[in-house]
Each structure stands twice: as structure tokens, then as C-alpha cells.
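In what follows, a single structure is set out as C-alpha cells and then discussed.
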Amino acid sequence: MASPKKKLQGLVAATITPMTEHGEINFSVIGRYVDYLVEEQGVKNIFVNGTTGEGLSLSISERCRVAEEWVTEGRNKLDQIVIHVGALSLKESQELAQHAAKIGADGIAVIAPFFLKPWNKDVLINFLKEVAAAAPALPFYYYHIPALTGVKIRAEELLDGIQDKIPTFQGLKFSDTDLLDFGQCVDQNRQQQFAFLFGVDEQLLSALVMGATGAVGSTYNYLGKKTNQMLEAFERKDFSSALNHQRKLHRSLRRTDRRHESRAVLGGTPKSSNVRGGDAQRRFASGVLSLEENAKLRGKWAAGKCHQPQRTRVSQPPLKSSLKCGKPWNLSSWVLCRFHTQPPCCSGHRL
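Counting with full-length UniProt numbering, you get residues 1 to 351 for the letters of the sequence shown.
Below you can see the structure in the form of C-alpha cells.
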């Protein structure tokens with residue numbers, strides 16, 4: 001893997017956590033997942049155990065094992081592996097940070113505590129400082145996602161003088177639509193050479209104009225190749241082509257209902273969208289699609305009205321197999337089917 005001193009830039013795939021139909025983590029497909037990202041999507045940086053990976057729905061031991069598998073399988077293939085180590089408990093977050101350093105991760109990221117919330121910048125920085133200190137050799141990134149944490153401290157305010165408190169601070173994962181805040185982060189911290197990683201995939205071109213140096217997102221799992229084309233066009237200042245690529249990406253995403261189908265197709269909550277029973281519903285019941293919603297989604301897919309990721313290594317589309325066995329299709333199922341050595345079967349994508 002790359003030296004920790006290398007700046008994190010370009011596309012970073014927010015990886016899902018592949019699950020079995022019984023809600024257990026399926027480590028066996030992660031190696032093929034790595035190869036797929038590198039060879040087919042041109043994405044060589046990953047963000048593990050974040051929102052897309054449902055890290056906060058996993059136990060501490062599960063998060064450690066998932067991180068270990070990605071680091072092991074990604075060695076000499078991926079450029080950088082950033083592990084999200086945020087938790088409500090400071091001690092648990094520190095434990096995860098120490099573990100990330102021990103296994104050879106390239107960086108750690110942390111969200112703000114979101115139950116007993118920090119009420120000002122100093123309180124939040126003190127929390128982040130304690131976590132970063134647990135892995136003093138690793139680059140540290142703040143994961144700004146106020147829509148989910150409810151912590152409304154502006155990123156621009158937080159970054160002011162942050163390296164004085166956290167010497168290992170290297171950048172920001174900005175998952176918010178406030179481009180004014182993002183632009184001020186970039187404008188006021190140009191000398192520090194921070195990594196400004198944008199986290200709202202559908203607004204990436206706007207963020208590039210504001211100075212984003214990279215992006216972290218779930219759609220780069222399967223739209224990475226197309227998004228890289230936009231980045232290349234922007235880099236060579238072919239703004240017309242870049243805009244055209246962004247519009248094509250929008251058309252792909254517009255076919256997906258962001259509230260419901262994104263859970264099944266984009267993998268925002270891949271485990272919780274799996275309604276095949278077992279542990280998945282108990283872990284994150286609010287994210288589960290009803291049988292009626294899944295039936296409606298499958299109908300749209302059958303009618304060709306939904307975006308469908310490209311597939312390889314399977315002789316039959318996952319959707320078609322799902323329809324035969326009456327099972328819902330989601331990105332987690334797609335990953336499992338795609339990387340499985342046998343075509344998906346009618347018994348519910350057995351692993």
C-alpha cells in the first residue's frame with residue numbers, strides 16, 4: 001500500500017459490507033471485490049466501515065475483522081485504505097483507531113458523536129484529538145455528515161487551526177450539500193494542502209469547481225469508471241465534456257428513487273435492505289424495505305425503468321434470479337452474485 005504521506009485524492013469507494021442471507025459478514029468475496037474495483041472501475045482508494053458499509057451497525061469485533069480483510073486483500077493492489085473508526089464511545093473509537101494502525105491501514109476517519117452531541121467546536125475537537133492520538137502515525141480525517149449526526153458545527157469553523165490541536169489531521173470528508181461551507185474550507189486552508197474529499201456524489205462536479213481534491217461515495221463502487229472520465233475531463237479543463245459526463249451520471253441516478261431504490265440499488269444500507277430475514281432486519285429495522293416496496297421495485301426493474309449496474313462472471317442477471325425465487329435484489333446481493341464462482345441460483349443467492 002501507499003505511504004501514509006501520500007495525499008489522498010481522486011475517487012474513494014465507500015465500500016459495502018457484504019452479508020450472507022443470515023446477516024453474517026461474508027469475508028470470502030472481499031478479495032474479488034478489490035479486484036473488481038481496481039480492474040473494472042479504476043478505483044484504487046477505499047473508505048471502509050463508513051455509512052455505506054454500515055460500520056455503526058456492526059459490533060466492534062466485526063468492524064475489526066472487516067478492516068483486517070480489506071487491508072489484507074488490498075495489499076499491493078489498492079493505493080490507500082482509510083478505516084472509519086467513529087463510535088459513540090471514545091474508548092471504542094480509540095480501540096478501533098489503534099487496531100487500524102496495527103493492521104497497516106493508510107488512514108482513519110471519524111464522525112462526530114451523535115447521541116450526546118458536542119455543543120461547540122472545542123468540545124468536538126477535543127473528542128477528535130483523543131481518537132487521533134490513539135494512532136499517532138496515521139493520517140486523520142474528519143467525516144463531516146451533519147444530516148446524520150445532527151452536529152451542525154460548520155466544517156469551515158472546525159478546520160480553523162485544527163492542525164495545532166491534531167497534528168496528524170490531513171483532510172475532510174465533506175458529506176453535505178452546503179457548498180458555501182465547503183468552498184470556505186478550501187479557500188481558507190489552501191496553504192495546509194489538506195485533502196478535501198466531497199461526499200455527495202451527484203454534486204461532485206460543483207465541488208470540483210469549488211476546489212475538491214477527491215471524492216468518497218457509494219456510487220463509485222459501480223460508476224467509478226464513468227466518474228473517472230468526468231474527473232479526467234475536468235483535469236484537462238474540458239468543462240463541456242465534464243458537464244456532459246455529470247449529466248449522464250445524473251440520468252443514471254435519476255432512474256433510482258433516492259429514498260427507497262437507493263437502498264436496494266446504490267447500497268446505502270445494503271444489509272438492512274436485505275429482507276430475506278435473519279439478522280439484517282433486527283440490526284437496522286428502519287432501513288428495511290417492505291415486501292410491497294420490493295415488489296414495486298422488482299416491477300420497475302423488469303420493465304427496464306431502473307438503472308442496472310453492469311455484470312460480469314454471472315450467466316444470469318441477479319434481478320432475474322431474484323424474480324424466479326421471489327427474493328428482493330439489492331447491491332449486497334449483486335456483489336455476492338458478481339463475485340461468486342457459480343451463477344446465482346433460485347434458492348436465494350446461496351453463498
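Glycine included, every Cβ here is placed at the ideal spot set by N, Cα and C.
DSSP bridge partner residues for K173 (one or two, in chain order): Y143 and L197
Those residues which DSSP pairs with H84 across a bridge: A109
Q203 classed as buried or exposed, judged by whether at least 16 other C-beta atoms fall within 10 angstroms: buried
Helix, strand or coil at N26 [DSSP, three-state]: coil
Test item: CB-CB of A215 and L11 under 7 Å: yes
Beta-bridge partners of H19, as assigned by DSSP: Note that residue 19 corresponds to Met in the displayed sequence, not to His. In the DSSP output, where bridge partners are listed per residue, M19 has I25.
Through-space distance from Q94 to E130, alpha-carbon basis: 7 Å
Per-residue burial, A285 [other beta carbons within 10 Å of its own, 16 or more giving buried]: Unreliable positioning characterises A285 in this predicted model, as indicated by a pLDDT of 35, which lies under 50. The coordinate reading is nonetheless provided below. By the 10 Å Cβ count, A285 comes out exposed.
Inter-stretch contact (C-beta, 8 Å, three-pair minimum) for the stretch 41-57 and the stretch 209-223: yes
F137 versus E24: straight-line alpha-carbon distance, rounded: The sequence given here places Ala at residue 137; Phe does not occur at that position. In a straight line, the C-alpha of A137 is about 32 Å away from that of E24.
Buried/exposed call for P18, threshold 16 Cβ in 10 Å: buried
The stretch 85-105 in contact with the stretch 181-191 per 3-pair CB rule at 8 Å: no
DSSP-derived helix/strand/coil call for L351: Residue placement at L351 cannot be trusted, given a pLDDT of 28 that sits under 50; the coordinates are not used to answer.
CB contact flag (A109, H84, <7 Å): yes
Sequence-distant residues of its chain with Cβ nearer than 7 Å to A135 (five each side left out): A97, Q98, A100, A101 and I108
Nearest to W119 (by Cα), restricted to the options Q246, K173 and R154: R154
Classification of V209 by the beta-carbon crowding that lies within 10 angstroms, buried from 16 upward: exposed
Rounded C-alpha distance that separates S241 from G150: 37 Å
Pick from A112, P167, K121 and V29 that is closest to H144, judged by C-alpha positions: A112
Counterpart residues of G104 in DSSP-defined beta bridges: Beta-bridge pairing links G104 to no other residue.
Collapsed DSSP secondary structure at A135 in the structure displayed: coil
Residue closest to G86, alpha-carbon to alpha-carbon, out of W70, V71, F127 and T168: F127
Environment of F174 [buried if 16+ CB atoms lie within 10 Å]: buried
Whole-number beta carbon distance between F194 and A207, since they are thought to touch under 8 Å: At roughly 14 Å, the Cβ-Cβ gap does not stay under 8 Å, so A207 and F194 are not in contact.
Buried versus exposed call for A147 [16 or more other C-beta atoms within 10 Å across all chains shown]: exposed
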